[in-house]
Structures are given as structure tokens and as C-alpha cells.
Amino acid sequence: MQQTLMNKLHEYIRENNPDLLFQLEEDKKVSEYLSDKISTVSVLIKQMDIGQPAYIIEDACMDVMTQDLRPSKFNYISNLLQEEFESTYNQILESGTLKFEVINLINQCQSVFEDLNFSDENEDNQFLRYAIIGTISEYLEGVTSGNENVKDGLQQSTKTEG
3 MQQTLMNKLH EYIRENNPDL LFQLEEDKKV SEYLSDKIST VSVLIKQMDI
53 GQPAYIIEDA CMDVMTQDLR PSKFNYISNL LQEEFESTYN QILESGTLKF
103 EVINLINQCQ SVFEDLNFSD ENEDNQFLRY AIIGTISEYL EGVTSGNENV
153 KDGLQQSTKT EG
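If you count the sequence shown from 1, you need to add 2 to reach the working numbering.
What follows is the structure, given as C-alpha cells:
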């Protein structure tokens with residue numbers, strides 16, 4: 003059960019919180035983080051011994067372990083990019099750098115998320131949405147004005163003829 007939960011949690015983080023996974027990998031603390039999370043649900047895991055079906059326990063454990071990982075800033079920013087900056091989003095997607103650009107944007111927007119207490123309760127708040135859109139726009143403008151090889155906010159590779 004613990005290995006199943008560890009795999010599910012790792013997959014959840016990879017899909018919804020790649021910024022966290024990137025940091026954990028950089029610090030070489032992925033296993034430690036996952037183990038710590040699993041230890042927080044040990045009481046729930048023991049309920050299997052009293053006859054609770056495994057799928058119910060897995061769902062309950064995942065809910066507890068992912069509580070502080072929701073809502074996903076990665077998904078929030080990805081959705082805003084797709085909705086509000088469609089051509090830029092498509093270019094980033096085609097370039098294969100979507101994950102990395104969204105992680106950069108999460109870091110750029112971190113103070114807004116903190117100041118406005120980003121949570122399940124307010125992720126639909128229009129003020130939060132506009133504040134994040136403004137920060138994304140500033141970031142994209144900064145990237146554009148900061149490099150002459152940039153097109154629509156994206157770093158373009160420079161090819162040399164040989």
C-alpha cells in the first residue's frame with residue numbers, strides 16, 4: 003500500500019506541481035519528501051487491517067497528502083497562459099519549454115499568490131486572476147525587451163550557418 007501511495011503521490015506532483023518536483027530533485031529530496039508525506043497517513047493505512055477496501059483508503063490518503071498542494075499554481079498559470087496569451091502559449095508549447103516557462107512564471111508570481119492567499123476558496127477570484135495576468139504580462143514584456151532574439155516573449159535559438 004505504501005509503495006502504491008508513493009507512486010500515486012509522485013505522479014500527482016509530476017502532473018500538478020512540477021515546480022515542487024523540480025526543487026525536490028535539485029535538492030535530492032524526492033524520496034524524503036514522499037516518505038514524510040506517507041508517514042502522515044499511517045493511521046489511515048492501518049484501516050486496511052480492519053477491513054476497509056484499499057481504494058477507499060488510497061483516496062483518503064491521497065486527499066490528505068495533497069491537501070497542501072492544492073490548488074495547483076502550475077495548472078492555474080498554464081490555464082491563464084492558454085486563455086489570455088494564446089499565441090505565446092502555443093509557441094511555448096511547440097518549443098517544448100512549457101513546463102520550464104510555467105515554473106519561471108510561478109516564481110515570478112509567488113508574491114502575488116502569497117499576498118492574495120491563493121487557495122481553493124479564492125482561485126476563482128477575479129482580482130487574483132487579473133493580478134496574475136498582469137504579472138505574466140510584465141514577465142513576457144521583460145523577456146521580450148531583454149533580448150533581441152526574442153519573438154512574442156519566447157527565447158528563440160540562434161542558428162549559425164556552417
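Built from N, CA and C at the ideal position, the CB exists for glycine as well.
(request) Put residue 65 into one of helix, strand or coil per three-state DSSP. (result) In the three-state reduction of the DSSP assignment, residue 65 falls in the helix class.
(message) Please tell me whether residue 43 and residue 67 are closer than 8 Å, where the distance is taken between their beta carbons.
(response) yes
(message) With a threshold of 6 Å on Cβ separation, who are the neighbours of residue 71 within its own chain once the five nearest residues in sequence on each side are excluded?
(response) Excluding positions up to five away in sequence, the list reads 19.
(message) Distance check for residue 109 and residue 142, CA to CA, integer angstroms please.
(response) 14 Å
(message) Does residue 10 come out as helix, strand or coil in the three-state DSSP assignment?
(response) helix
(message) Which of the three DSSP states is assigned to residue 30 in this structure?
(response) In the structure shown, residue 30 sits in coil (DSSP, three-state: anything other than H, G, I, E or B).
(request) With a floor of 4 residues, list each alpha helix (DSSP H) that falls wholly inside the region 75-123, ordered by position along the chain. (result) 75-86, 88-97 and 100-117
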